[in-house]
Each structure stands twice: as structure tokens, then as C-alpha cells.
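The next block holds one structure in the form of C-alpha cells; read it before the comments.
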Amino acid sequence: MGLIRKLKLSWLPSSILLGMFLCWYMLHLIHNTPGRDPDPHIDELKNFPVLFDSSAQLRIIVLTYNRSKSLKRLFDSLLMADYQGERIVLDIWVDRSINGEVHNETVQVANELQFVHGEKNVYVRGQHAGIVNQWLRTWKFSDNPTEICIILEDDLTVSPVFYRWLKSVHTTYKDDDRISGFTLQGVGSIYSGPSALENVNVSKKHLTYLYSMPGSWGFSPKLDQWKEFITWWEKTSLDKSFHPLVPNNLATVWYSENRRQGNAQNIWTMWFIYFNWKFHKYVLYPNIQPKNQGFSNNWQEPGLNHYGHAGLPPTGPLVVKWLPEFDKLSPLPPIVFTNGTILNELNRKITV
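Convert by adding 21 to the 1-based position in the sequence shown; the result is the number in my numbering.
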């Protein structure tokens, strides 16, 4: 019995060390297993060599990962745009895979692109960032309060006059605190009620309208509202028991289903939808008729958030010609609710 007791005592320190090692190893696996969402609160940019030109009048942020041909197509459309001789900065952000691998062909294309309209910077992430970090951790606010930013995913193309449109809406609505941002997309979908998934239908006499749903096919945040949103998101999302669920909204159904499947980490837009709903904010959409023309096209390609198919036609026609009325936008655009009801400039409801 004494020998057995001695053997037990001699193995005790080793058992403790082995247990500690196994605990560490399991934690290591949890945090490094492919598919785990990166922590959106770890701001990689704090130690990232980002170059900021505070004299930029337009900052174009392009988000890409492994679609080199798509990136080239978007870039070609950016080259054709009218920037009116102003100071433009193009920032291309290349993400890594969940295993930390970089798509060399995409990096090569990004580095070889010649941006004749201004400065071009290519940032290759040091680790996998994911969609949320790509969207919310790229525009680092400079000391230039008039800088316009447009965030573009790589499966888009833009109108030759997209920047003129951005200048017009930012100037016209700079003092409207209801507006959290501006979208280039001409198509808006209804998200509740019997008309869900139908296109928003606003009278052609209105060139713009306000809608609480973000249009991510070319989104231009309003600087002060974006700062407010990022601050709110950083604080609110720390509470892991909280989920940004908006009542009677189809996006909530999609988000909830993705959450059950473990994919909700890829949906930054749900947080912005909740923010707009909670604080009564809106995104300003173009309403260029006929056919819901926009200042961007989405090529519906497969990606982390979309089960598309390469080779599909782009969504909707582009506005290719600048019209005089684009310089004279109404300061009181109608508001569209998620069920398709429209509140016009006289506060009268019109049901589509």
C-alpha cells in the first residue's frame, strides 16, 4: 500500500501538467480551427501600416479576397469614371482565407493596376478578417471632415458618373441627420408584408427616397453617422446575448437562419438595419426611372454571403449620362417603409 501511495504521489504533478497542457491545446484548437469567426473587436488596423491622405476628396475602398477577374472588371469601370480632376485615393483591401492563406493572383492584379486618377494603396490583411471586419474596419477616419468614402465589394461595376452623384447627394443632404448613408444601387426590395421581395416603387417625379434598409452595392457612409454607428456597434456587440433582430422584417428571418447555421458573423448589414430602425435613420436611394437605374451593378457572383453563379447578367441598368436635374435634388425625399408604404414630402401615406 505504501508503494502504491508513493507512485500516486509521484504521478500527481505530471497529471496536473498534462491536464494543463490538454486545456491549453483545446483552447488553441478552438481559436485556430478553420471556419471560426475572427473577433470583430480585435482591430488589426491599430498595428497596420495604413497610409492616410487627408487631402482626399474621395476615398474608394475596394474589398476583395479571391476574385481577381472581378477585381479587374470593377477597376476598369473605376478608370472610366469622371472625377472632375479632384483628389482621389483608391484603397484595395485583400483579405485572407480562414486558414490564413492569401490568393496570390488577386494580390498580383491589385498591385499591377495603374490608377491614373490618384493614389492607389494595396493592403493585404495579416490574418483572416472576414466580411464584418472588412466592412467596418477599413475606413479609418481622417481629419478631413469633407472626405467622401465609397465602399465597394469586388463583384460590382460603377457608373461613369457615380462620383458626381455622390457629390450631389452628400452636398444636398449634409445637414439631414436622418440620413446615415447613401447607396449607388437603383434597386430596393420590400422587406415586410404581402409585397415582400417586390421592388420599391416610388413615383418617377422623385429622384431620391429614404429607406431604412442599407444598399450594399456601393455604400457611401455619412461620416458623422458612420462614427456613431461604429461606436454603437462596438459597444452593443460585446453583449453576446444580444442579437440585432428587427420585428416584422424579412432580413431578421434570414439573419436568424444564418445564426442557427453558424454563419451570422458574415452579415454586417443586420447590425446597420437594427441601428437605422432603433434610431430612426435612413439610407438615401436613387430613383432614376425607367427600370430602377442605378450608379452600380452587382454581377451576382458566388461569395461568402451569396450563392450566385458566375456569368449571370448584372443587376439593373447603369445611369451613364449626367442629367441637369441631378444637380437639383429635392431636400425632402419621400420615406419608404419596409412594407412598401410611402410617406411623401407632405407627410401623407401612399400605399404602393
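Don't be surprised by glycine CBs; every beta carbon is placed ideally from N, CA and C.
Discussion item. Can you find the residues in the same chain that come closer than 6 Å, C-beta to C-beta, to residue 230, ignoring five residues on each side of it along the sequence?
Written reply: The residue labelled residue 230 in the question sits at position 209 within the sequence shown. Here the set comprises 223, 306, 308, 354, 355, 357.
Item to complete: Below 8 Å CB to CB, which residues in the same chain sit around residue 199 once its five sequence neighbours on both sides are set aside?
Response: Position 178 of the sequence shown, counting from 1, holds the residue named residue 199. Answer for residue 199: 231, 301, 302, 303, listed in chain order.
Worksheet item: So what does DSSP say about residue 311, is it helix, strand or coil?
Response: Residue 311 sits at position 290 when you count from the first residue of the sequence shown. Coil at residue 311, not helix or strand.
Practice prompt. Pull up the distance between the alpha-carbon of residue 179 and that of residue 313, whole angstroms please.
Written response: Taking the first residue of the sequence shown as 1, we reach residue 179 at position 158. Taking the first residue of the sequence shown as 1, we reach residue 313 at position 292. Cα-Cα distance, rounded: 15 Å.
Discussion item. Can you tell me whether residue 262 is helix, strand or coil according to DSSP?
Written reply: As a first step, residue 262 must be located in the sequence shown, where it is residue number 241. Three-state DSSP puts residue 262 in coil, outside helix and strand.
Worksheet item: With distances taken from CA atoms, which of 276, 351, 269, 174 is nearest residue 88?
Response: For this step, residue 88 is matched to residue 67 along the sequence shown. Taking only the C-alpha atoms, the option nearest residue 88 is 174.
Practice prompt. Have a look at residue 109 and residue 164 and give me their C-alpha separation to the nearest angstrom.
Written response: Here residue 109 refers to the residue found at position 88 of the sequence shown. Here residue 164 refers to the residue found at position 143 of the sequence shown. Roughly 16 Å separates the two Cα atoms.
Item to complete: Could you say which of 90, 102, 121 lies nearest to residue 340 if we only look at CA atoms?
Response: The residue labelled residue 340 in the question sits at position 319 within the sequence shown. Comparing Cα positions, the closest option is 102.
Worksheet item: For residue 317 versus residue 177, is the C-beta distance shorter than 9 Å?
Response: In the sequence shown, residue 317 corresponds to position 296, counting from 1. In the sequence shown, residue 177 corresponds to position 156, counting from 1. In this structure, residue 177 lies closer than 9 Å to residue 317 by Cβ.
Item to complete: For residue 376, write down the residues that DSSP places opposite it in a beta bridge.
Response: Residue 376 is absent from the structure shown; the chain starts at 22 and stops at 373.
Worksheet entry | Exposed unless 16 or more other CB atoms sit within 10 angstroms - verdict on residue 235 | On the sequence shown, position 214 is the one that residue 235 refers to. Its Cβ being crowded by 16 or more others within 10 Å, residue 235 is buried.
Worksheet item: Anyone know if the C-beta pair for residue 77 and residue 151 falls short of 9 Å?
Response: For this step, residue 77 is matched to residue 56 along the sequence shown. For this step, residue 151 is matched to residue 130 along the sequence shown. For residue 77 and residue 151, no; Cβs fall outside 9 Å.
Fill in: Opening and closing residue of the alpha helix (DSSP H) in which residue 153 lies
In the sequence shown, counting from the first residue as 1, residue 153 sits at position 132. That run of the alpha helix (DSSP H) goes 151–157.
Worksheet item: Is residue 203 helix, strand or coil when you go by DSSP?
Response: Residue numbering aside, residue 203 sits at position 182 when the sequence shown is read from its first letter. Strand.
Practice prompt. Please classify residue 207: is it buried, with 16 or more other beta-carbons within 10 angstroms of its beta-carbon, or exposed?
Written response: As a first step, residue 207 is located in the sequence shown; it is residue number 186 there, counting from the start. Classified as buried, residue 207 has 16 or more neighbouring CB atoms from the shown chains inside 10 Å of its CB.
Discussion item. Within 10 Å of its beta-carbon, does residue 112 have 16 or more other beta-carbons around it, so buried, or fewer, so exposed?
Written reply: The count along the sequence shown starts at 1 and reaches residue 112 at position 91. When all chains shown are included, residue 112 counts as buried.
Item to complete: Give the DSSP-derived three-state secondary structure of residue 125 in the structure shown.
Response: Position 104 of the sequence shown, counted from the first residue, corresponds to residue 125. In the structure shown, residue 125 sits in a helix (DSSP, three-state: H, G or I).
Worksheet item: Which class does residue 210 belong to by DSSP, given the choice of helix, strand or coil?
Response: Numbered from its first residue, the sequence shown carries residue 210 at position 189. Residue 210: strand per DSSP, three-state reduction.
Worksheet entry | Collapsed DSSP secondary structure at residue 319 in the structure displayed | Residue 319 sits at position 298 when you count from the first residue of the sequence shown. Note: residue 319 maps to strand in three-state DSSP.
Worksheet item: Using a Cβ-Cβ cut-off of 6 Å (strictly less than) and excluding sequence neighbours within five positions of residue 265, which residues of its own chain qualify?
Response: Stepping through the sequence shown from its first residue, residue 265 is reached at position 244. For residue 265, where only same-chain residues beyond five positions count, the Cβ hits under 6 Å are 291, 292, 295.
Worksheet item: For residue 84 versus residue 155, is the C-beta spacing smaller than 9 Å?
Response: Locating residue 84 in the sequence shown gives position 63, where the first residue counts as 1. Locating residue 155 in the sequence shown gives position 134, where the first residue counts as 1. The answer is yes: Cβ separation under 9 Å.
Discussion item. Applying the 10 Å Cβ sphere with the 16-neighbour rule, what's the burial state of residue 190?
Written reply: Taking the first residue of the sequence shown as position 1, residue 190 is located at position 169. With 16 or more other Cβ atoms within 10 Å, it is buried.
Worksheet item: At which residues does the alpha helix (DSSP H) containing residue 72 begin and terminate?
Response: To locate residue 72, count along the sequence shown from 1; it is residue 51. Neither: residue 72 is in no alpha helix (DSSP H) and is coded neither H nor E.
Worksheet entry | Helix, strand or coil at residue 235 [DSSP, three-state] | In the sequence shown, counting from the first residue as 1, residue 235 sits at position 214. Here residue 235 sits in coil by DSSP.
Discussion item. Let me check one thing: in DSSP terms, what residues is residue 174 bridge-paired to?
Written reply: Mapped onto the sequence shown, residue 174 falls at position 153. For residue 174, which the question treats as bridged, DSSP gives the partners 84.
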